[in-house]
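Taken in order, the sequence shown gives residues 170 to 499; the numbers are from the numbering used here.
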Amino acid sequence: MTAIDITQPGGPQVLQAATHATPQPGPREVLIQVHAAGVNGPDLLQRKGLYDPPAGAPDIPGLEIAGKVVALGAQVKGFALGDAVIALVQGGGYAEYAVADERTTAHLPDNLSMVEGAALPETFMTVWVNLFQRGGFKAGERVLIHGGASGIGTTATQLAKALGAAQVFTTVNGPGQQAASLALGADVAIDYSREDFVEQVLLHTEGRGVDVIVDIIAGDYVARNFKAAAMDGRIVQIGVIKGPATELDLFPMLTKRLTHIGSTLRARSADDKAAILAELQAKAWPHVRSGAVKPLIHATFPLAAASQAHALMESGRHVGKVVLNVAHKG
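Here it is, written out as structure tokens:
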């Protein structure tokens with residue numbers, strides 16, 4: 170099969186197509202003929218040598234896929250040959266075939282294409298864990314989503330709105346992303362290139378602040394998040410694009426009774442991920458099937474053009490997901 174190798178740590182150009190043996194499923198795994206693979210922030214970090222795969226995971230990047238089941242492990246019960254599925258994988262998604270644990274595999278919703286389905290597992294599960302489970306978001310609360318034009322941001326905006334947010338704030342870069350975020354359901358889309366998000370949040374909440382903040386940025390955003398948070402607010406850290414917070418006054422955490430937590434998804438056990446996926450299917454899938462929530466696809470690239478997909482992701486010019494469209498001969 171053809172797959173994408175990271176030839177050495179570096180820029181997008183280190184991604185190169187190569188020939189690999191087709192993997193074989195273990196007892197509780199399915200072999201999926203990949204039709205599409207989502208591109209995510211952790212893939213970029215892995216390419217740079219900053220995020221090693223877990224022990225036993227493939228070196229091939231790619232954490233979410235959509236395709237058809239072409240082989241079954243001996244103990245698999247919930248899937249049949251030919252099923253259209255989506256799957257969260259620990260690696261190996263940038264390939265013509267990939268194996269997935271049946272516990273982190275689900276049937277593709279009927280109203281979605283393979284490309285749209287490939288934008289679901291990693292992104293939707295990350296949002297569900299961080300905004301709803303760990304962040305404890307409840308209907309009637311206000312939420313601030315940094316990186317509102319990203320795959321995470323566009324998904325979090327739609328899910329928060331569909332599940333009863335009183336106000337959704339996003340931070341975006343430029344008028345185009347601002348308009349797109351508002352169209353997805355944000356009440357206030359803050360252009361961070363010319364507006365201060367703390368000022369805007371406090372202005373539109375009459376000084377109260379927001380209940381939950383989802384942050385992929387870090388750096389100086391940490392201290393500013395403390396200022397934008399409401400009393401008893403929760404800040405969920407899921408990325409550190411701007412690096413560490415070098416100076417931080419923790420006193421606002423005390424006076425506002427803030428909770429600042431973080432998490433990653435990749436290293437969790439298959440059983441943990443299965444529980445997340447089950448809750449997501451029960452509570453979010455109805456909104457996906459109704460069309461109220463839908464993966465926003467910015468661009469697709471052929472598998473061999475994975476380097477171009479990474480370059481686009483790093484430019485920050487996208488709104489929504491970047492997906493690799495995997496063609497098969499015959």
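Think of the CB as a built atom: it goes at the ideal place given N, C-alpha and C, for glycine as much as any other residue. Treat the numbers as computed from the prediction; the structure is a model and nothing was measured.
Span of the alpha helix (DSSP H) around residue i
i    : result
N494 : Here N494 belongs to no alpha helix (DSSP H); instead the beta strand (DSSP E) covers K490 to N494.
A451 : A439 to K452
A475 : A475 to S484
Q327 : G320 to A331
T147 : Because the chain in this structure spans residues 170 to 499, residue 147 falls outside the shown range and cannot be described.
Exposed unless 16 or more other CB atoms sit within 10 angstroms - verdict on residue i
i    : result
H479 : buried
H497 : exposed
F338 : buried
A348 : exposed
F301 : buried
I196 : At residue 196 the sequence reads Pro, which differs from the Ile that was named. Result: exposed.
K246 : exposed
A461 : exposed
R435 : buried
N280 : exposed
T433 : exposed
D146 : Nothing can be reported for residue 146: it is not among the residues displayed for the chain, which extend from 170 to 499.
M446 : According to the sequence provided, residue 446 is Leu. The question's Met does not apply to it. Answer is buried; the Cβ neighbour count reaches 16.
G251 : exposed
A206 : buried
G210 : buried
E416 : exposed
T176 : exposed
A190 : exposed
Pair within 9 Å by beta-carbon distance, residue i and residue j
i    : j    : result
G260 : P290 : no
G286 : A334 : no
V268 : L200 : yes
I359 : A264 : no
L353 : Q327 : yes
P178 : K217 : yes
A318 : G489 : yes
P194 : G242 : yes
G388 : P413 : yes
T273 : A439 : yes
P471 : V495 : yes
K396 : L372 : no
S362 : G343 : yes
Under the three-state DSSP convention, the category residue i falls into
i    : result
F248 : coil
D212 : helix
E233 : strand
F366 : helix
G286 : helix
R311 : strand
G388 : coil
Q202 : strand
F470 : strand
V381 : strand
T433 : coil
A240 : strand
G345 : helix
T292 : helix
Start-to-end residues for the beta strand (DSSP E) that takes in residue i
i    : result
L257 : A253 to L257
Y266 : Y266 to D270
M400 : A398 to Q406
F301 : Segment: none, F301 is in no beta strand (DSSP E) and carries neither H nor E.
L184 : L184 to T188
A358 : V357 to D360
A335 : Looking at the DSSP string, A335 is not in any beta strand (DSSP E), and its letter there is neither H nor E.
A172 : T171 to I175
G317 : No beta strand (DSSP E) contains G317, which DSSP labels as neither H nor E.
H276 : T274 to H276
beta-carbon residue i near the ligand COA non-hydrogen atom, thresh 8 Å
i    : result
A451 : Inclusion of the ligand COA in the displayed structure is not the case, the ligand content being empty and no account of it being possible.
Can you confirm whether the segment 365-384 touches the segment 312-325 when touching is taken to mean that 3 or more C-beta pairs between the two stretches lie within less than 8 Å? By the C-beta criterion, the segment 312-325 is judged to be in contact with the segment 365-384, since at least 3 inter-stretch pairs fall below 8 Å.
Three-pair Cβ contact test at 8 Å for the segment 392-408 versus the segment 372-381: Yes, they touch.
Can at least three beta-carbon pairs, one atom from the segment 440-458 and one from the segment 412-432, be found at a separation below 8 Å? With the rule of 3 Cβ pairs closer than 8 Å, the segment 440-458 does not count as touching the segment 412-432.
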